[in-house]
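Since the structure comes first, as structure tokens, the remarks are kept for the end.
Residue numbers (mature numbering (1 follows the signal peptide of the UniProt record, and there is no 0)): -32 to -1, 1 to 326.
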């Protein structure tokens, strides 16, 4: 065989190998399975019998909300469709896992641990009820929850061992979008409706937060970036239990919205009314890092709330007007806001201070 022939054969072999590899790669890409949609078909709270299979399988043969989430946790990007119905948690958390950051998806709250979209049939139609068993959702991955109600949650699991619980309806430690969601009648020590931890982000749109209760933060707690739009936060309550380890600003504060992080928060076209607190700031509290516990409140503004076209009114502290509390932070009005006292400091274009009907 001549040198030229050997060279030609060599290049031909290489071309065949490359072509085969490219074809195989193209075939694998073309046949890659899309992220699945799991459709819930039972209201019974059952864990998956095959939690690592990526299939929604329970002992009764149905696909429960819990089993669907377990399946989605091993199939990132999944969608869970929850039809109209009342879905009640019935599996209490294991007492051995409630004092610390231990996740047990088979019991207690519903643990979203991979990017997931949960779609209900509407907040009036799809009801997820904690029934006092535990909080309803713990979110540790980028997720969207849409078109359902979260109610009846009571936080049982302690993120810090033997300390108070957070997030009666939802505890979020990732990036969470809530759209057309109602958070109602949930309870915890911190953040009755939802607690967003310091490394998390939340976007809440077209939602309702009502009837929640806690020792601190009756409604929504943000420890980092939050965007709240076209939402109503009303009739949430916070009361000071006067525990010996809870100092000033750690209980009885923040009836509707409690902002404790150093990141900016944006609120627009939102109504924050009819919330109550025993100690301070029945509507909105913004106080990064609990610095409101210090006596000197004149330090630089370390966080900001930007608010526009919103109503903050008729929020009561021990029966008296008390819409906002501000410490080491600033509320920046972008105009069009309404309030019935001076505590929020609204001074933007189109802002109105005066009586606001309930």
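From the three backbone atoms N, C-alpha and C, an ideal C-beta is built for every residue, glycine too.
- A straight line joining the alpha-carbon of residue 276 with that of residue 178 spans about 21 angstroms.
- Boundaries of the beta strand (DSSP E) harbouring residue 86: 84 to 87, taken from the DSSP string.
- Closest by C-alpha distance to residue 273, out of 229, 84, 7 and 64, is 229.
- By the neighbour-count criterion, in which 16 or more other beta carbons inside 10 Å mark a residue as buried, residue 63 falls on the exposed side.
- One thing to note: residue 290 has its Cβ within 9 angstroms of the Cβ of residue 311.
- Within the region 253 to 318, complete alpha helix (DSSP H) segments of at least 4 residues are not found at all.
- Between residue 78 and residue 104, the C-beta spacing is below 9 angstroms.
- Distance from the CA atom of residue 109 to the CA atom of residue 1, rounded to whole angstroms, is 21 angstroms.
- With contact defined as three or more Cβ pairs closer than 8 angstroms, the region 112 to 120 and the region 82 to 95 are in contact.
- Annotation: residue 140 to residue 320 spans about 34 angstroms, alpha carbon to alpha carbon.
- Of the residues assessed, residue 317 falls on the exposed side of the cut-off, its CB having fewer than 16 other CB atoms within 10 angstroms.
- DSSP places residue 107 outside any alpha helix (DSSP H); the residue lies instead in the beta strand (DSSP E), whose first and last residues are 105 to 107.
- The straight-line gap separating the alpha-carbon atoms of residue 3 and residue 295 is approximately 46 angstroms.
- Counting of Cβ neighbours within 10 angstroms places residue 205 among the buried residues, the total reaching 16 or more.
- Residue 124 carries a coil assignment under DSSP once its states are collapsed to helix, strand and coil.
- Exposed is the label assigned to residue 21, since fewer than 16 other Cβ atoms lie within 10 Å of its Cβ.
- In summary, residue 92 is exposed, with fewer than 16 beta-carbon neighbours lying within 10 Å of its beta-carbon over all protein chains present.
- DSSP places residue 71 outside any alpha helix (DSSP H), giving it a letter other than H or E.
- Nearest in C-alpha terms to residue 42, of all of 29, 59, 23 and 190, is 23.
- Excluding the 5 residues flanking it on each side, residue 236 has same chain C-beta neighbours closer than 6 angstroms at 197, 276 and 277, in chain order.
- DSSP links residue 57 through a beta bridge to no other residue.
- Taking the C-beta atoms as reference points, residue 193 is found no nearer than 9 angstroms to residue 149.
- Around the CB of residue 121, 16 or more other CB atoms lie within 10 Å, so the residue is classed as buried.
- Per the C-alpha coordinates, the member of 173, 184 and 72 positioned closest to residue 156 is 184.
- Counting only runs of 3 or more residues that sit fully inside the region 150 to 232, the beta strand (DSSP E) segments are 155 to 158, 162 to 164, 169 to 173, 176 to 178, 181 to 184, 188 to 190, 194 to 197, 200 to 202 and 225 to 227, in chain order.
- Proximity to residue 88 across 223, 195 and 48 peaks at 48, based on C-alpha coordinates.
- Excluding sequence positions up to five before and after residue 315, its CB lies within less than 8 angstroms of the CB of 301, all in the same chain and listed in chain order.
- The C-beta distance from residue 174 to residue 199 rounds to 7 angstroms, short enough to meet the 8 angstroms contact threshold.
- Look at residue 65 here: in three-state DSSP terms it is helix.
- When rounded, the separation of the alpha-carbon atoms in residue 71 and residue 18 is 17 angstroms.
- DSSP, read as helix, strand or coil, puts residue 49 in strand.
- For a cut-off of 8 angstroms, the C-beta gap from residue 101 to residue 151 is around 17 angstroms, too long to register as a contact.
- The continuous stretches of alpha helix (DSSP H) do not include residue 114, which lies in the beta strand (DSSP E) extending over residues 111 to 119.
- The alpha-carbon of residue 39 is positioned some 31 angstroms away from that of residue 187.
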